[in-house]
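Student: Please find one structure pasted underneath; my questions will follow.
6 protein chains.
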Amino acid sequence: MANIQVAFLLSLLMALTFCCLTFAVDPASLQDFCVADSNSQGFACLLIAVKLNGFACKNPAWVQANDFSFSGLHNPGNTGNPFGSAITPVTVAQIPALNTLGISLVRIDYAPWGVVVPHYHPRATEIITVIEGSLEVGFVTSNPDNRLISKTLQKGDVFVFPVGLVHFQRNVGHMNAVTISGLNSQNPGVITIGNAVFGSKPDISTDILAKAFQVDKNIVQQIQGKF
Amino acid sequence: MANIQVAFLLSLLMALTFCCLTFAVDPASLQDFCVADSNSQGFACLLIAVKLNGFACKNPAWVQANDFSFSGLHNPGNTGNPFGSAITPVTVAQIPALNTLGISLVRIDYAPWGVVVPHYHPRATEIITVIEGSLEVGFVTSNPDNRLISKTLQKGDVFVFPVGLVHFQRNVGHMNAVTISGLNSQNPGVITIGNAVFGSKPDISTDILAKAFQVDKNIVQQIQGKF
Amino acid sequence: MANIQVAFLLSLLMALTFCCLTFAVDPASLQDFCVADSNSQGFACLLIAVKLNGFACKNPAWVQANDFSFSGLHNPGNTGNPFGSAITPVTVAQIPALNTLGISLVRIDYAPWGVVVPHYHPRATEIITVIEGSLEVGFVTSNPDNRLISKTLQKGDVFVFPVGLVHFQRNVGHMNAVTISGLNSQNPGVITIGNAVFGSKPDISTDILAKAFQVDKNIVQQIQGKF
Amino acid sequence: MANIQVAFLLSLLMALTFCCLTFAVDPASLQDFCVADSNSQGFACLLIAVKLNGFACKNPAWVQANDFSFSGLHNPGNTGNPFGSAITPVTVAQIPALNTLGISLVRIDYAPWGVVVPHYHPRATEIITVIEGSLEVGFVTSNPDNRLISKTLQKGDVFVFPVGLVHFQRNVGHMNAVTISGLNSQNPGVITIGNAVFGSKPDISTDILAKAFQVDKNIVQQIQGKF
Amino acid sequence: MANIQVAFLLSLLMALTFCCLTFAVDPASLQDFCVADSNSQGFACLLIAVKLNGFACKNPAWVQANDFSFSGLHNPGNTGNPFGSAITPVTVAQIPALNTLGISLVRIDYAPWGVVVPHYHPRATEIITVIEGSLEVGFVTSNPDNRLISKTLQKGDVFVFPVGLVHFQRNVGHMNAVTISGLNSQNPGVITIGNAVFGSKPDISTDILAKAFQVDKNIVQQIQGKF
Amino acid sequence: MANIQVAFLLSLLMALTFCCLTFAVDPASLQDFCVADSNSQGFACLLIAVKLNGFACKNPAWVQANDFSFSGLHNPGNTGNPFGSAITPVTVAQIPALNTLGISLVRIDYAPWGVVVPHYHPRATEIITVIEGSLEVGFVTSNPDNRLISKTLQKGDVFVFPVGLVHFQRNVGHMNAVTISGLNSQNPGVITIGNAVFGSKPDISTDILAKAFQVDKNIVQQIQGKF
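Protein chains in written order, with UniProt numbering: chain Y, 1 to 227; chain A, 1 to 227; chain H, 1 to 227; chain R, 1 to 227; chain U, 1 to 227; chain P, 1 to 227.
Next comes the structure, spelled out in structure tokens:
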């Protein structure tokens, strides 16, 4: 009898584990808020967590002020990397209450001449303001115009990068620069052109990239090697 | 062995309970309907219910006509309270089939001179019609105009309170009045100004409210004492 | 003790089974994709699957290229039926990755003079193109105009059926015809007028249909008998 | 010279008239409200009115309480017609402030045994409540089930017809009946099955309808003749 | 003849002026961007501007980088007012390119003990970060709980005010404080409770407010007198 | 007098021309359809056309079946170009009735080994099916994984490219290949990585691109020279 029970429990566990999905909910709120439930990421996940489009909601009775907050956005990021920039995001991953609410912030630090290389956000427009320093910023419109709209921003300037368009920032001063941006998604997503095109895992065929950028395959391979 | 099993079952139950979230889905339907599943509120909830942005769907094969209906909207509410009004909502809490369908009804009864005090619905526009009696109704526009748009309604009149704006109703006759409203959310939410500002738990600092309403702190405390 | 355990397990199973809901998520993506998790349809369903407005997401780490694909749309459907047409859908039921992405395809084959009888899609506009043959197509506008907008299409022609409007297609050539359509929902839904009105289970009252179509009840019953 | 001027003015007028479009805006409000501007329907229309997806907004400074209201919903409609029912809609056509707000009401009167024949709303779910009398109501689910979900409602009962599904109402009492419904669109649209299928202008081919309803062409022609 | 022409031109002008509406478009972009066209506010407005739900788009060929930017967010606002706070918004009114893009920023300055009194945004969630100083912030949930969720924030802290909920901020330090917030609407709207309830034009009936706040009418009148 | 009139008319015309905007509406339909009005592109445009987020609607009474159709999708495109591919779109620019309906089609022809180089659609998911030939297709997920999900498709295979992700296609056979895709936007937009990054007008700073792709500036300049 006991053996049967153990077998039963094991199969129950296996079934539950097999079911281990992960939920995510949509931004159109149907209640005051839907704080993302972090339990869906832990051991309990083995039993019932299910991935959704967004996250499941914590029981509102258990919600605390801390679920709505994050600390440390005043701390400079570490710009000691090849790009000379550091990104500190505050999305639903940092503040679970952002789930279903459709907004996030990001702080970026730039060493002198540091760059945030061309990238785009598939799910958000970005509105950026310069807290310190001066920056060259720009974005490129879609086909067929591919017009570069750019500007040099000073402290206190604000600029907009429309959703889905490739954009970049560069510190054009000899001092560190800092920006804060708002983005209208709980999880804007980032697609860095270099990473997506030359650094995918596995690589996109050299032949395709050679045609795309109209260069020799060995230059493509040389760039792929860097990523 | 049995002890181990009991311990195992208890830990399983604890884990499952810990996981007890609650689902809620978004209003953009992806099937004919998604009747809210009431089991997610009972004992079974201990095992798998998860809170969502909305509710999980009952298996369509088990759906009955009763899931789409509610009885008793012809019954007068009890207006024997300080406001002289009574609210009978028909939202997703009363009709589970309203889940994901984005609409609800409400009946309101008003004793003579009864009032529905200033409040707003964060998720719905309200369209109200007078079944019996005559009412003064009004709403206030946002900053900076804060214009009051009001009207006295008679039987058969219809009026609109735009989403998110503060509004109120008052019976201006010597007889009972009755209204029926449609609201375009399965769960419109209600924020009564008095409750939110003077009756929150815990209280908002007296100092803040004294500044907000430009009155002495003791008047603020006096009002807070009533809620 | 063992009996208690068995009883406990059985009640656990019953509770879990009772809970067996089914999830479904909304089309506004909050991540790159949310591949529908097929496990929510199998035995595991007995334990935790929950029906949602859409589907739960497969763990992105387990996603494969096959989750994004379907094979066989070049195969003619079997038009050996009273309507002389065959429908091959490619919706979220065929490609789980379509979950939350809001699009689907359908291939339709038409025998000579084959018909797709009047129907509508409650959740999608359809854009159709003729791969082979020539077709008469049309749709009817809403009340009060009920205007028929129709056209005979040749190979390479494209036509649009707006969301929610009754439309039809008929092969007007002596050869087989083939069309491919895009529809902007992962699950457009199909409501065939004949089935919904004369073939519902149970039947709509003969009296109501006799009034609706202004015919004798026995004609209504005759038509109902065919469905 | 004068002739040239006249010619110029005439061509100017012609061009403007030719341009006479009509605007309509989307339900996601970007301000407190956007009262539909009725001037776009008058003479001025000759000069600049443009049809939109919705309507253009009246200058908010000119908005009046009357723009938010309608009178007469307590008046019975005239049920002296073959269906024995009368529909009194309160949509954006009756209350211009409903523009962009996504809701409307409708009153329906039913003579004894009066019917609202099978129809659907492509853009709204309907929540109906019985003010007087008793009604049989029902709707049919989409393919492949085509399940009829129906119920007899008494005074004070509420029922839901999900968006896009075919539904009907019938007075099953010997007295007049009255219902009020909320619908979550400023312009829900109505598609009456009989009108759309047998009463379109011009007619759908007899041949197609004969196949659709599996009846002789002369029965189809007989029904078409009634519409 | 000339008189006729002058009369004609005048009536043309009158008609055009009469038509002077103002356009506004919805946030779901259908192109890279839709920069709000400022001409609809000037003299040209007399001729064709029409108010919309949002704004009409500037011809993309005429768009400049300046349409995407704003300067001066580093400048402290003037907190010399009864509330001791100053608000510097950057919405579609300041950056026309924000039209249809669904995001905005705001800088707030707080004198020591300065307050942003209880208010809400009907169309946006706010994510706030403290640039300088320390602040008490809080929001209140909807009926029936009316729970106050509050926290004291330090420099670098981030907090979220969910859409439609009443919230406030207070400088709890002896130095000036500064915050920057992102809001997910091009035009979030602000409804200050005090202004809407006690400062509307015209006033809400004293009787209604006395009931709402359960105080004497003369206290209501005293508060109304301040606004 | 005549001179004054001429001057007046000229200034009127100038004002109107200055106003020459262009309307565009949002995809959430508020009527059966909103056929894009082509007059807003012609001479009449000088007088009243206004750019919108989408397009203004043609008067429904003037709508024709041709507004819903397009011919020629069976015609091979000309693949005699460096990429060996040709794109034939059917968007709102080709079928005005697609305005507000949220869908479009595209045919692509591929010469042997022809490539559609890496690109993305900011506003649409693409579902592609192979009509002739065999293709290698793939897309890359967002940061930080940048996983390439790819597959070789045969005739009759269907594949999905999620909205906003970089993807590509390559003919891997010795014969011509043909695909047809559905995209869930009336105007999906195309951003070709090469064009946006190396071919913008004006160029993005060589310095930024050298950092982005971790190559020498002269290689960047060499690539920029090709675009």
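A virtual CB, placed ideally from N, CA and C, is assigned to each residue, including glycine. Model, not experiment: these values are computed from the prediction.
For Ala-105 of chain P, return the contacting residues in chain H, with the cut-off set at a CB-CB distance below 8 Å.
Tutor: In the sixth sequence, residue 105 of chain P corresponds to position 105, counting from 1. Reading the sequence as shown, one finds Leu at residue 105 of chain P and not Ala. Near Leu-105 of chain P (Cβ distances below 8 Å), the residues of chain H are Ile-127, Thr-129, Val-158, Gly-182.
Student: Quick one: does Gln-186 of chain H have its CB under 8 Å from some CB of chain A?
Tutor: As a position in the third sequence, residue 186 of chain H is number 186, starting the count at 1. Cβ-Cβ to chain A under 8 Å: yes for Gln-186 of chain H.
Student: Using beta carbons (cut-off 8 Å, strictly below), is Leu-30 of chain U in contact with chain P?
Tutor: As a position in the fifth sequence, residue 30 of chain U is number 30, starting the count at 1. With 8 Å as the cut-off, Leu-30 of chain U counts as an interface residue toward chain P.
Student: When Cβ atoms are compared, which residues of the UniProt domain "Cupin type-1" (71 to 221) of chain Y fall closer than 8 Å to chain H?
Tutor: Listed in sequence order: Pro-122, Arg-123, Ser-185, Gln-186, Asn-187, Gly-189.
Student: Just verifying my parser: in three-state terms, what is the DSSP assignment at Asp-37 of chain U?
Tutor: Your numbering for residue 37 of chain U matches position 37 in the fifth sequence. Note: Asp-37 of chain U maps to coil in three-state DSSP.
Student: Give me the Cα-Cα distance between Gly-84 of chain Y and Ser-181 of chain H, rounded to the nearest whole angstrom.
Tutor: Within the first sequence, residue 84 of chain Y is the residue found at index 84, counting from 1. Within the third sequence, residue 181 of chain H is the residue found at index 181, counting from 1. Their backbone Cα atoms lie some 49 Å apart in a straight line.
Student: Have a look at Ile-149 of chain U and Tyr-110 of chain A and give me their C-alpha separation to the nearest angstrom.
Tutor: Here residue 149 of chain U corresponds to residue number 149 of the fifth sequence, with the count starting at 1. Here residue 110 of chain A corresponds to residue number 110 of the second sequence, with the count starting at 1. Whole-angstrom Cα-Cα distance: 33 Å.
Student: Measuring CB to CB, does Val-158 of chain P end up less than 8 Å from Ile-127 of chain P?
Tutor: For the purposes of this step, residue 158 of chain P is identified with residue 158 of the sixth sequence, where counting begins at 1. For the purposes of this step, residue 127 of chain P is identified with residue 127 of the sixth sequence, where counting begins at 1. A contact, by the Cβ cut-off of 8 Å.
Student: Got a sec, what are the start and stop residues for the beta strand (DSSP E) Phe-161 of chain P sits in?
Tutor: Your numbering for residue 161 of chain P matches position 161 in the sixth sequence. Taken as a continuous stretch (DSSP letters only), the beta strand (DSSP E) holding Phe-161 of chain P covers 158 to 161.
Student: Taking C-alpha atoms, which residue in H:Arg-147, H:Leu-73, H:Asn-99, H:Ala-86 lies nearest to Val-117 of chain H?
Tutor: For the purposes of this step, residue 117 of chain H is taken as residue 117 along the third sequence, with counting starting at 1. Of H:Arg-147, H:Leu-73, H:Asn-99, H:Ala-86, the residue nearest in Cα terms is H:Ala-86.
Student: In the DSSP assignment, find the unbroken beta strand (DSSP E) run with Ser-109 of chain A in it and report its ends.
Tutor: Here residue 109 of chain A refers to the residue found at position 109 of the second sequence. Checking the sequence, you will find Asp at residue 109 of chain A rather than Ser. From DSSP, the beta strand (DSSP E) with Asp-109 of chain A extends over 104 to 110.
Student: Please report the straight-line C-alpha distance between Pro-144 of chain Y and Lys-226 of chain H, rounded to a whole angstrom.
Tutor: What you label residue 144 of chain Y is simply residue 144 of the first sequence in a count that begins at 1. What you label residue 226 of chain H is simply residue 226 of the third sequence in a count that begins at 1. Taking the straight line joining both Cα atoms gives about 56 Å.
Student: Do the stretch 71 to 81 of chain H and the stretch 162 to 180 of chain P make contact, defined as three or more Cβ pairs closer than 8 Å?
Tutor: In short, these stretches do not touch, since the Cβ pair count stays below three.
Student: Tell me where the beta strand (DSSP E) around Gly-199 of chain H begins and ends.
Tutor: If you number the third sequence from 1, residue 199 of chain H lands on position 199. No beta strand (DSSP E) contains Gly-199 of chain H, which DSSP labels as neither H nor E.
Student: Helix, strand or coil: which one does DSSP assign to Val-140 of chain A?
Tutor: Position 140 of the second sequence, counted from the start, is the residue given in the question as residue 140 of chain A. If DSSP states are grouped into helix, strand and coil, Val-140 of chain A belongs with the strands.
Student: Along the chain, where does the alpha helix (DSSP H) containing Val-220 of chain R start, and where does it finish?
Tutor: Position 220 of the fourth sequence, counting from 1, holds the residue named residue 220 of chain R. Segment 217 to 226, the alpha helix (DSSP H) holding Val-220 of chain R.
Student: Quick check on Asn-99 of chain R: buried or exposed, where buried means 16 or more other Cβ atoms within 10 Å of its Cβ?
Tutor: Mapped onto the fourth sequence, residue 99 of chain R falls at position 99. Asn-99 of chain R is buried by the Cβ-count criterion.
Student: For Ala-93 of chain Y, count neighbouring C-beta atoms within 10 Å of its own C-beta (all shown protein chains included) and say buried if the count is 16 or more, exposed if not.
Tutor: To locate residue 93 of chain Y, count along the first sequence from 1; it is residue 93. Looking at its Cβ environment, which holds fewer than 16 other Cβ atoms inside 10 Å, Ala-93 of chain Y is exposed.
Student: Give the secondary structure of Phe-23 of chain A by DSSP, where H, G and I count as helix, E and B as strand, and everything else as coil.
Tutor: Position 23 of the second sequence, counted from the first residue, corresponds to residue 23 of chain A. Because the pLDDT at Phe-23 of chain A is just 28, under 50, the model does not fix this residue reliably, and the value given afterwards should be weighed accordingly. Phe-23 of chain A: coil per DSSP, three-state reduction.
Student: For Phe-227 of chain R and chain A, any beta-carbon pair shorter than 8 Å?
Tutor: As a first step, residue 227 of chain R is located in the fourth sequence; it is residue number 227 there, counting from the start. Not one chain A Cβ lies under 8 Å of Phe-227 of chain R.
Student: If you measure from the beta carbon of Gln-224 of chain P to each beta carbon in chain Y, is any gap under 8 Å?
Tutor: Your numbering for residue 224 of chain P matches position 224 in the sixth sequence. Answer no: the Cβ-Cβ gap between Gln-224 of chain P and chain Y never drops below 8 Å.
Student: Using three-state DSSP, classify Lys-211 of chain U as helix, strand or coil.
Tutor: Residue numbering aside, residue 211 of chain U sits at position 211 when the fifth sequence is read from its first letter. Note: Lys-211 of chain U maps to helix in three-state DSSP.
Student: Nearest to His-121 of chain H by alpha carbon, out of H:Ser-104, H:Gln-224, H:Lys-58, H:Gly-199?
Tutor: Within the third sequence, the letter at position 121 stands for residue 121 of chain H. The option with the nearest alpha carbon to His-121 of chain H is H:Ser-104.
Student: Examine chain U for any beta-carbon lying closer than 8 Å to the beta-carbon of Ala-65 of chain Y, and answer yes or no.
Tutor: Counting from 1 along the first sequence, the entry for residue 65 of chain Y is found at position 65. It does: the Cβ of Ala-65 of chain Y has a partner Cβ on chain U nearer than 8 Å.
Student: Less than 8 Å between the beta carbons of Leu-101 of chain U and Thr-125 of chain Y, yes or no?
Tutor: By one-based count along the fifth sequence, residue 101 of chain U stands at place 101. By one-based count along the first sequence, residue 125 of chain Y stands at place 125. Yes, the pair counts as a contact, with Cβ atoms nearer than the cut-off.
Student: Candidates U:Val-115, U:Ile-131, U:Lys-155, U:Gly-138: which alpha carbon is nearest Ser-200 of chain A's?
Tutor: In the second sequence, the residue the question calls residue 200 of chain A occupies position 200. When only C-alpha atoms are compared, the closest one is U:Gly-138.
Student: Apart from the five residues on each side of it in sequence, which residues of its chain come closer than 6 Å, Cβ to Cβ, to Arg-107 of chain H?
Tutor: On the third sequence, position 107 is the one that residue 107 of chain H refers to. So the list reads Leu-73, Thr-88, Ile-180, once near-sequence residues are dropped.
Student: Jot down the residue ranges of each uninterrupted beta strand (DSSP E) in the stretch 60 to 105 of chain H, minimum 3 residues, whole runs only, in chain order.
Tutor: Listed in chain order, they are 85 to 90.
Student: Rounded to a whole number of angstroms, what is the C-alpha to C-alpha distance between Phe-213 of chain R and Ile-223 of chain H?
Tutor: The count along the fourth sequence starts at 1 and reaches residue 213 of chain R at position 213. The count along the third sequence starts at 1 and reaches residue 223 of chain H at position 223. If you take the alpha carbons of Phe-213 of chain R and Ile-223 of chain H, they lie about 7 Å apart.
Student: How is the beta strand (DSSP E) around Pro-118 of chain U delimited, first residue to last?
Tutor: On the fifth sequence, position 118 is the one that residue 118 of chain U refers to. Per DSSP, Pro-118 of chain U belongs to the beta strand (DSSP E) from 115 to 120.
Student: With DSSP as the reference, identify every bridge partner of Ile-180 of chain U, one or two as the case may be.
Tutor: Locating residue 180 of chain U in the fifth sequence gives position 180, counting from the first residue. DSSP output for Ile-180 of chain U lists U:Arg-107, U:Thr-129 as bridge partner(s).
Student: Based on the DSSP output, what are the partners of Leu-153 of chain Y in its beta bridges?
Tutor: Against the first sequence, residue 153 of chain Y aligns to sequence position 153. For Leu-153 of chain Y, which the question treats as bridged, DSSP gives the partners Y:Leu-135.
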